[in-house]
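Everything below concerns the one structure shown next.
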Amino acid sequence: MGKKMMTGMIVLAFICSSFLLMTSCAKKQIQVSEPVQPATQEMKAEEVEAKAAEEAKSAAEQDAKARAEAERQARLRELKMAQKLADEIRNFESDNIYFAFDRSDLTDESKSTLREKANWLRANGDYSVRISGNCDERGTNEYNLALGERRAHAAKKFFMALGISGSRISTVSYGEERPVDPGRNEEAWAKNRNDQFALTK
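In my numbering, the protein residues as written are 3 to 203.
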């Protein structure tokens, strides 16, 4: 009887010990599988938002730099084109044609110069040209004014033969009134017998 009781108590003690051990393991397992706390999730969301904001800022800065560079390049192209046009206009207007004494017919050299000018006028249809005929000081004012007009008209006629509309060409004679060279010798007189050209838009 005493042995049976002892055996029962041992079995009971073993059962209790096993139950306590299982309960302890279950608690540990529950602790391990605890869900992520809301604070941790909020921190991760803030990090994602901050990274996205930084990337958006960087992209905006790059886009602004690209636009600024494109605008700079466009301005450079415009400046180069404007400078090129200014050089062409200066060359056009500074290249006179010249005449023999008391003559208004065009020399071969003058015709070559006028062909170049006609090519430019065809390529720049929004420009017109004013031709001024000039003479040296020899002869009367009235005669030189008439001679200057014939010289200007000779260039206009040549332009029109090359296809430049007469509506884009005007003429004026200054006779001996506007000498290029004020000298009173053959070298100066040769410079003063000319047609000069001015572009208008």
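Every residue gets a Cβ at the ideal spot worked out from N, C-alpha and C, and that includes glycine.
Since this is a predicted model, take the numbers as computed values, not measurements.
Hey, how far is the Cα of residue i from the Cα of residue j?
| i | j | result |
| --- | --- | --- |
| residue 99 | residue 86 | 23 angstroms |
| residue 188 | residue 135 | 18 angstroms |
| residue 202 | residue 129 | 6 angstroms |
| residue 169 | residue 159 | 12 angstroms |
| residue 183 | residue 192 | 9 angstroms |
| residue 165 | residue 113 | 14 angstroms |
| residue 42 | residue 49 | 11 angstroms |
| residue 178 | residue 117 | 26 angstroms |
| residue 196 | residue 88 | 23 angstroms |
| residue 199 | residue 133 | 5 angstroms |
| residue 145 | residue 119 | 28 angstroms |
| residue 76 | residue 143 | 53 angstroms |
| residue 172 | residue 74 | 40 angstroms |
| residue 69 | residue 52 | 26 angstroms |
| residue 93 | residue 126 | 14 angstroms |
| residue 194 | residue 181 | 5 angstroms |
| residue 167 | residue 80 | 29 angstroms |
Quick check on this structure: which residue in the options has the alpha carbon closest to the alpha carbon of residue i?
| i | options | result |
| --- | --- | --- |
| residue 95 | 165, 108, 123, 145 | 123 |
| residue 107 | 154, 181, 46, 191 | 154 |
| residue 140 | 81, 131, 150, 133 | 150 |
| residue 148 | 46, 175, 78 | 175 |
| residue 138 | 103, 60, 54, 109 | 103 |
Which residues bound the alpha helix (DSSP H) around residue i?
| i | result |
| --- | --- |
| residue 110 | 110-125 |
Which residues bound the beta strand (DSSP E) around residue i?
| i | result |
| --- | --- |
| residue 199 | 196-202 |
| residue 132 | 130-136 |
Secondary structure, alpha helix (DSSP H): runs of 4+ residues fully inside the segment 145-199: 188-194
Beta strand (DSSP E) runs wholly inside the segment 41-111, at least 3 long, in chain order: none
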